[in-house]
Amino acid sequence: MLSRVADNLYWFGRYLQRAENTARIVNVHGHLIFDLPRQVEFGWLPLVQILGQEEAFRERYEGASSEAQIMRFLLLDEQNPASIICSLQNAREILRTIRECAPREVWERLNDLHYLLQEKGDKALTRSKRQDFLQQIIDGALLIYGMIGANMSTDVGYHFLRIGASIEQADMTTRIIDVRSSSLIKPKTAEDLAPFQNIQWMGVLRSLMAYQMFRRHVRGRVNGPNVLRFLLQNREFPRSVTYCLNSISQTLPRLPPDRPLQRTLDRCRALVMDADVDRLMLGGISEVMDEIQVGLANVHDGVSKAWFQAA
Amino acid sequence: MGTGIDWRQYRCEKFYDELFEAPGQPRPAARHLAEYLDDLSETELGERRLAAELAIRVMGITFTVYTEGKNVDRAWPFDIIPRTIPRTEWQRTEAGLKQRVQALNHFIQDIYGSQKIVKDKIFPANLLEESVNFRPQCVGMRPKNGIWAHICGSDLVRDGDGTLYVLEDNLRVPSGVSYMVENRLVTKRVFPEIFENMNILPVDDYPAQLYDTLAAMSPRPGEVPNIVLLTPGIYNSAYFEHCWLAQQMGIELVEGQDLSVGDDDCVYMRTIYGPQRVDVIYRRIDDLFLDPEAFNPDSMLGVRGVMRAWLKGKVALVNAPGAGVADDKVVYSFVPAMIRYYLGEDAILPNVPSYLCMDPKQRDYVLANLDKLVVKPANESGGYGMLIGPNSTKAQREQFRDLILANPRNYMAQPTLSLSTAPTLTEGGIEPRHLDLRPFILSRGDSTYVTTGGLTRVAMVKGSLVVNSSQGGGAKDTWIVDMEGTEASQAQSQSQSQSIGAEAA
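Chains as they are written, first to last, in my numbering: chain A, 36 to 346; chain B, 14 to 518.
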């Protein structure tokens with residue numbers, strides 16, 4: 036496997052995962068709107084914050100933050116590197132250079148998604164069309180994963196793709212926890228908050244398609260510590276941070292060995308497993324999520340140094 | 014008579030038509046096709062065309078046009094009505110192509126070797142001295158099995174009287190073969206029914222044949238060779254094809270930056286396991302960009318030192334550098350002589366009659382008939398830099414007169430052929446359009462393979478003779494039709510057996 040191609044497959048995995056997660060986050064946020072009462076201060080800006088693009092958004096839209104503008108920014112703005120259209124375009128440009136590595140129908144389905152955004156994107160910004168549209172993107176991405184899983188040999192190229200997807204998912208999960216748990220609902224008073232706490236944490240789970248699995252795994256009620264524990268430390272749910280890191284760890288023995296990377300990854304796993312969830316509820320979620328994100332960035336650097344930048 | 018196309022209205026009398034002898038009268042190989050189309054209503058035909066467009070889009074069959082700093086993928090322009098060729102005619106054509114490429118490979122080896130053909134005064138020495146595709150770096154080299162042009166794409170055209178001529182041989186980096194295979198896949202999606210009733214020979218064997226050819230060139234026989242396809246990258250107009258071929262053959266698609274030449278003169282690619290030796294490079298980069306050490310020092314696309322590795326026999330380059338010396342349009346006119354000289358045979362496929370401007374008598378003829386001839390520079394491809402006499406202005410003819418007189422070696426002229434046509438679905442219904450055919454020939458020394466048919470390119474613009482996709486050309490699926498066992502051939506074999514029977518009696 037060429038280093039350049041491995042690098043590209045890794046990023047293909049990341050971009051596809053990013054597009055899918057972004058579509059989910061927007062969709063679930065839309066659902067939440069219906070559930071929350073008017074007096075609860077409810078903004079769309081947290082979505083921009085989740086993707087770490089607040090500054091870019093303010094610059095481009097000069098302080099505006101209407102639903103329509105944020106939708107355009109998140110879905111269709113080619114200047115926003117985290118937008119769905121950009122993620123898919125990047126994935127497509129990459130796949131174009133490594134088309135021979137992935138099954139042919141992956142290219143065909145990715146083209147479908149590309150044309151869907153190009154042609155139907157503008158009409159999909161309204162509330163009534165949005166859900167279907169986002170669901171089509173999510174389904175399209177899942178179809179591509181399915182094809183990769185069913186039809187692509189699990190050779191080293193496949194593993195690089197999976198590593199990229201796992202890092203991206205772990206990163207997305209921490210971002211969602213971060214923004215959702217701290218700033219999604221800004222209660223005017225503590226009494227305002229109480230009735231909706233449940234809904235808020237259910238929204239976090241739903242953003243990650245985790246509600247049903249949470250119910251199966253966790254006997255307790257939906258509350259902060261339980262949800263945090265599930266999304267950070269559960270070993271069986273595919274979008275939990277620990278699951279993603281474990282899956283990278285299990286893949287490493289199938290790739291040319293690299294000790295520094297193994298150590299970086301172990302440190303990151305320990306950080307996640309050691310997080311004291313009950314104490315975090317009293318404050319400091321944001322800081323710990325930041326720490327995990329730095330740990331993931333280190334894993335990314337380790338992957339890149341081990342295989343992509345090799346002479 | 015069906016409800017659909019009325020072939021009696023198909024005006025094909027002016028040129029040789031590939032499918033019809035006369036309006037309403039299909040040639041034997043096209044009879045089933047004509048009847049089948051006959052049963053399709055106009056609406057159905059329109060639907061099939063849309064289905065083809067959709068298939069092309071979904072399958073992502075594109076070619077790349079680079080404009081305004083952006084590379085744009087254009088959908089492959091495709092006409093759904095196939096072009097048919099009877100198998101018996103194709104067998105003869107195939108033999109002619111094999112013969113031709115065999116002689117061309119002998120010629121290239123001779124030119125970089127002892128130059129017997131020059132010493133024997135068959136081929137003029139000054140032609141060689143002035144050839145821009147002659148590479149002095151290759152003198153004295155003998156690639157494995159003496160093969161230089163492993164892959165050749167020859168352009169065939171049919172004139173008004175039905176004669177199939179070779180128009181040119183592309184020996185450097187001929188492209189188009191991926192579209193040949195993809196065209197068939199599209200046709201199968203669009204007209205699935207007809208493949209049951211007609212015996213159309215398959216075309217999808219090419220990638221396997223190419224892989225075998227490449228593998229046979231490995232300098233380390235006995236081991237599984239490491240084969241790569243070297244592409245200039247995504248901005249190249251044939252990038253789609255580079256990806257496609259690499260994918261079909263299961264070989265690495267590499268760019269110059271992925272390869273390097275070690276102190277041991279072997280070529281290595283950068284992989285996640287560290288450097289890995291490369292045995293065969295199918296290069297889709299022109300000679301001059303191949304190696305900044307040997308050729309253009311500014312090339313960012315090539316691999317420093319790869320010529321050194323090749324000359325030492327550490328890696329195979331396909332096609333070999335310098336093979337282009339034989340696809341010069343002036344050298345072309347010597348191919349029939351080469352076939353006689355090296356093989357002791359007469360050419361099976363004729364050349365288009367050519368006038369070489371370096372010869373004073375022929376030059377005078379060309380200059381006196383500029384308005385009737387097509388004048389071509391020796392080394393341009395893609396239809397650039399040509400004068401098409403009958404369509405030219407006086408100023409253009411004067412310009413070419415000066416060009417020819419300034420550099421006679423660089424020009425040759427041919428009579429304007431009345432290129433054959435085939436029915437093509439246009440905005441205004443079905444009309445004849447001009448076309449050519451590019452088969453691909455693979456040579457490995459011990460055997461030669463010719464594609465089943467080739468890529469039919471069609472000039473979509475009415476009256477146009479330019480078939481290049483960069484200039485508004487499209488393509489058709491090409492069917493080699495086996496009529497053995499059909500009524501036409503049954504009648505023939507019956508009369509044969511009767512006469513045999515009569516003799517026996």
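Where is the CB? At the ideal position from N, CA and C, for every residue including glycine.
Please read these numbers as outputs of a predicted model, since none were measured by experiment.
CB contact below 7 Å: residue i versus chain A
{"i": "residue 73 of chain B", "result": "yes"}
{"i": "residue 284 of chain B", "result": "yes"}
{"i": "residue 25 of chain B", "result": "no"}
{"i": "residue 298 of chain B", "result": "no"}
{"i": "residue 135 of chain B", "result": "no"}
{"i": "residue 247 of chain B", "result": "yes"}
{"i": "residue 225 of chain B", "result": "no"}
{"i": "residue 546 of chain B", "result": "Nothing can be reported for residue 546 of chain B, as the shown portion of chain B is limited to 14 through 518."}
{"i": "residue 271 of chain B", "result": "yes"}
Chain-ordered chain A contacts of residue i [CB-CB under 7 Å]
{"i": "residue 4 of chain B", "result": "With chain B covering 14 to 518 only, the question about residue 4 of chain B has no answer from this structure."}
{"i": "residue 256 of chain B", "result": "134 and 135"}
Residue i - containing beta strand (DSSP E), residue span
{"i": "residue 136 of chain B", "result": "Note, residue 136 of chain B: premise wrong, no beta strand (DSSP E); not H, not E."}
{"i": "residue 179 of chain A", "result": "Careful: residue 179 of chain A lies outside any beta strand (DSSP E), inside the alpha helix (DSSP H) at 162-186."}
{"i": "residue 273 of chain B", "result": "272-274"}
{"i": "residue 493 of chain B", "result": "486-494"}
{"i": "residue 453 of chain B", "result": "453-456"}
Residue i: contacting residues in chain A (beta-carbon distance under 8 Å)
{"i": "residue 277 of chain B", "result": "In chain order: nothing, as chain A lies at least about 16 Å away."}
{"i": "residue 69 of chain B", "result": "Ordered by position in chain A, no residue passes the 8 Å Cβ test against residue 69 of chain B, which lies about 11 Å from the chain."}
Chain B within 7 Å of residue i, Cβ atoms only
{"i": "residue 38 of chain A", "result": "yes"}
{"i": "residue 25 of chain A", "result": "Only positions 36 to 346 of chain A appear in the structure, and residue 25 of chain A is not among them; the question remains open."}
{"i": "residue 223 of chain A", "result": "Its pLDDT being 49, under 50, residue 223 of chain A is placed unreliably by the model, and nothing is read from it."}
{"i": "residue 236 of chain A", "result": "no"}
{"i": "residue 79 of chain A", "result": "no"}
{"i": "residue 46 of chain A", "result": "no"}
Nearest-angstrom Cα separation, counted from residue j out to residue i
{"i": "residue 278 of chain B", "j": "residue 456 of chain B", "result": "26 Å"}
{"i": "residue 126 of chain B", "j": "residue 153 of chain B", "result": "5 Å"}
{"i": "residue 189 of chain B", "j": "residue 254 of chain B", "result": "7 Å"}
{"i": "residue 23 of chain B", "j": "residue 447 of chain B", "result": "14 Å"}
{"i": "residue 269 of chain B", "j": "residue 332 of chain B", "result": "17 Å"}
{"i": "residue 161 of chain A", "j": "residue 101 of chain A", "result": "12 Å"}
{"i": "residue 263 of chain A", "j": "residue 312 of chain A", "result": "7 Å"}
{"i": "residue 160 of chain B", "j": "residue 119 of chain B", "result": "8 Å"}
{"i": "residue 55 of chain A", "j": "residue 172 of chain A", "result": "7 Å"}
{"i": "residue 443 of chain B", "j": "residue 413 of chain B", "result": "37 Å"}
{"i": "residue 128 of chain A", "j": "residue 283 of chain B", "result": "22 Å"}
{"i": "residue 52 of chain A", "j": "residue 207 of chain A", "result": "9 Å"}
{"i": "residue 165 of chain B", "j": "residue 297 of chain B", "result": "13 Å"}
{"i": "residue 174 of chain B", "j": "residue 143 of chain B", "result": "36 Å"}
{"i": "residue 138 of chain B", "j": "residue 295 of chain B", "result": "31 Å"}
{"i": "residue 538 of chain B", "j": "residue 306 of chain B", "result": "Not covered by the structure: residue 538 of chain B. The range shown for chain B is 14 to 518."}
{"i": "residue 235 of chain B", "j": "residue 117 of chain B", "result": "29 Å"}
{"i": "residue 134 of chain B", "j": "residue 41 of chain B", "result": "46 Å"}
{"i": "residue 210 of chain B", "j": "residue 45 of chain B", "result": "8 Å"}
{"i": "residue 234 of chain A", "j": "residue 56 of chain B", "result": "55 Å"}
{"i": "residue 148 of chain B", "j": "residue 141 of chain B", "result": "10 Å"}
{"i": "residue 212 of chain A", "j": "residue 325 of chain A", "result": "11 Å"}
Within chain A, partners of residue i - CB distance below 9 Å
{"i": "residue 266 of chain B", "result": "37, 40, 132, 133, 134, 135 and 136"}
Cross-chain neighbours of residue i in chain B, by beta carbon under 7 Å
{"i": "residue 291 of chain A", "result": "285 and 286"}
{"i": "residue 191 of chain A", "result": "285"}
{"i": "residue 143 of chain A", "result": "71, 72 and 73"}
Where the alpha helix (DSSP H) containing residue i begins and where it ends
{"i": "residue 414 of chain B", "result": "407-419"}
(message) Using a Cβ-Cβ cutoff of 9 Å, what residues of the stretch 98-120 of chain B are near chain A? List them in chain order.
(response) none
Under 8 Å (Cβ pairs) to chain A, residues found in the stretch 358-369 of chain B: none
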